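What follows is a single structure, written as structure tokens, with notes after it.
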Amino acid sequence: MANSYKFSAPGSIMLMGEHAVLRNQLALVGAVNKRMTVTLTPLENKRIEIHSSLGNYHTTLDELSIAPPFQFVLTAIQRYQSQLPMGFRLEIKSQFSSKVGLGSSAAVVVATLACLRQWLHSSPPLQKGAAEHSEAGDFKHQLFLDARSIIQHVQGRGSGADVAASVFGGVVAYRMEPLFIEKSDNLFDIALLYTGYKTATPEVIRRVDTRVSADPEKYAALFKEMGRYSEKAWKAINEKNWSLLGKIMRQHQEAQVMLGVCDETSTQFLSLLNQHPQVMSAKISGSGLGDCLLALVTSEFQWKHPNFINAALSNQGVLCEHA
Numbered sequence: 002m003a004n005s006y007k008f009s010a011p012g013s014i015m016l017m018g019e020h021a022v023l024r025n026q027l028a029l030v031g032a033v034n035k036r037m038t039v040t041l042t043p044l045e046n047k048r049i050e051i052h053s054s055l056g057n058y059h060t061t062l063d064e065l066s067i068a069p070p071f072q073f074v075l076t077a078i079q080r081y082q083s084q085l086p087m088g089f090r091l092e093i094k095s096q097f098s099s100k101v102g103l104g105s106s107a108a109v110v111v112a113t114l115a116c117l118r119q120w121l122h123s124s125p126p127l128q129k130g131a132a133e134h135s136e137a138g139d140f141k142h143q144l145f146l147d148a149r150s151i152i153q154h155v156q157g158r159g160s161g162a163d164v165a166a167s168v169f170g171g172v173v174a175y176r177m178e179p180l181f182i183e184k185s186d187n188l189f190d191i192a193l194l195y196t197g198y199k200t201a202t203p204e205v206i207r208r209v210d211t212r213v214s215a216d217p218e219k220y221a222a223l224f225k226e227m228g229r230y231s232e233k234a235w236k237a238i239n240e241k242n243w244s245l246l247g248k249i250m251r252q253h254q255e256a257q258v259m260l261g262v263c264d265e266t267s268t269q270f271l272s273l274l275n276q277h278p279q280v281m282s283a284k285i286s287g288s289g290l291g292d293c294l295l296a297l298v299t300s301e302f303q304w305k306h307p308n309f310i311n312a313a314l315s316n317q318g319v320l321c322e323h324a
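Sequential numbering of the sequence shown, starting at 2, is according to my numbering.
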């Protein structure tokens with residue numbers, strides 16, 4: 002038995018199809034080059050230890066219960082509780098803050114589950130640069146299903162798009178039902194700007210649901226339109242037609258305004274981005290009412306702003322690291 006197991010998973014950014022993805026419309030999501038790393042070290046007792054920038058947590062296998070801020074990790078552990086032969090130590094390190102909306106919950110769940118599955122089932126190591134094979138593909142598919150289930154259980158609702166990006170990497174076209182996941186390695190230059198605050202995703206979803214209940218036909222049509230934008234954007238990405246992608250992003254942003262998830266601060270920041278000479282297009286990313294803003298930029302893009310997040314799209318999904 003190895004001394005420890007170490008996996009990393011990327012954060013992610015919603016590119017298109019926010020909210021519409023919950024109505025089974027196509028969405029686009031991208032993995033970023035900011036990663037979450039989890040190291041699992043078995044212990045010779047039933048003690049479970051979690052160490053991260055969010056704090057430390059100690060319990061035992063027999064007394065395992067779900068408690069914030071580790072509810073996602075603890076739910077992942079609970080999924081395998083009956084199979085665990087002993088306790089372990091989890092060390093969680095992140096290259097990005099959980100406050101800036103880069104899919105931190107999905108990334109930590111994916112990395113944690115990968116460690117547990119590798120420990121208990123000797124799954125494929127998924128090392129960087131290794132050729133993809135059917136066994137590794139099966140591992141990733143099951144990892145996605147397990148991680149999505151955990152995210153949805155903890156949040157009460159969630160599309161799983163961020164989970165797909167963390168597992169597979171690259172730019173992913175994603176639909177919930179029927180499940181559709183397709184990856185493209187055609188990356189493009191982006192810039193991310195944090196608004197300085199984040200309204201909890203379940204709260205934003207609740208507000209959107211209230212509007213939908215008041216006028217279901219209007220919003221059903223709007224969600225279908227957003228899905229069509231995602232389909233057109235996916236074609237543009239596969240053709241590397243970045244000017245067309247920028248145009249579609251602007252159209253999608255108009256739909257997000259109609260959805261009521263673009264508040265005054267987001268509008269001001271978007272205006273600031275769109276005035277930049279190297280910004281081709283800008284839109285809300287994620288549920289809205291704060292969080293991150295996404296810009297499609299030229300390769301020469303440079304900008305100094307206190308809310309600027311230095312991140313790029315990445316083809317790397319979940320990876321086994323050397324422990």
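Glycine included, each C-beta is placed from N, C-alpha and C at the ideal position.
Given the structure is predicted, the values throughout are model-derived calculations rather than measurements.
Item	Value
Cutoff 8 Å; reference residue 22; Cβ partners in own chain excluding five residues on either side	28, 160, 162, 175, 176, 177
Residue burial classification, residue 276 (beta-carbon count within 10 angstroms, cutoff 16)	exposed
Cβ-Cβ separation, residue 139 to residue 300 (assumed contact under 8 Å), whole Å	At roughly 37 Å, the Cβ-Cβ gap does not stay under 8 Å, so residue 300 and residue 139 are not in contact.
Backbone CA spacing between residue 1 and residue 20 [nearest angstrom]	The structure shown does not extend to residue 1, since the chain spans only 2 to 324, so no value can be given for it.
Span separating the alpha-carbon of residue 49 from that of residue 263	42 Å
Beta-carbon proximity of residue 62 to residue 85, cut-off 7 Å	yes
Where residue 200 sits in the DSSP three-state scheme	coil
Between the CA atoms of residue 54 and residue 309 - distance to the nearest angstrom	22 Å
Residue 200 beta carbon less than 7 Å from that of residue 274	no
Reduced DSSP category for residue 320 - H, G, I as helix; E, B as strand; rest coil	strand
Backbone CA spacing between residue 322 and residue 88 [nearest angstrom]	21 Å
Counterpart residues of residue 291 in DSSP-defined beta bridges	199
Strand pairing of residue 185, partner residues [DSSP]	172
7 Å Cβ cutoff met for residue 145 and residue 164	yes
Distance, residue 76 Cα to residue 107 Cα	12 Å
Burial state of residue 157 (16 or more Cβ within 10 Å)	exposed
Local conformation of residue 297 per DSSP, three classes	strand
Cβ shell of residue 65 (< 8 Å), same chain only, five flanking positions each side left out	49, 75, 78, 79, 82
Whole-number beta carbon distance between residue 172 and residue 188, since they are thought to touch under 8 Å	7 Å
Classification of residue 329 by the beta-carbon crowding that lies within 10 angstroms, buried from 16 upward	The structure shown has nothing for residue 329, since the chain only spans 2 to 324.
Presumed contact (8 Å Cβ cut-off) between residue 11 and residue 33, rounded CB distance	6 Å
Where residue 177 sits in the DSSP three-state scheme	coil
Among 283, 168, 73, the one whose alpha carbon lies nearest that of residue 319	168
Beta-carbon gap between residue 6 and residue 41 smaller than 7 Å	yes
DSSP state of residue 69 mapped onto helix, strand, coil	coil
Residues bridged to residue 121 [DSSP beta-bridge criterion]	In the DSSP output, where bridge partners are listed per residue, residue 121 has none listed.
Backbone secondary structure at residue 226 - three-state DSSP	helix
Expected contact under 8 Å - CB spacing of residue 102 and residue 287 to nearest Å	5 Å
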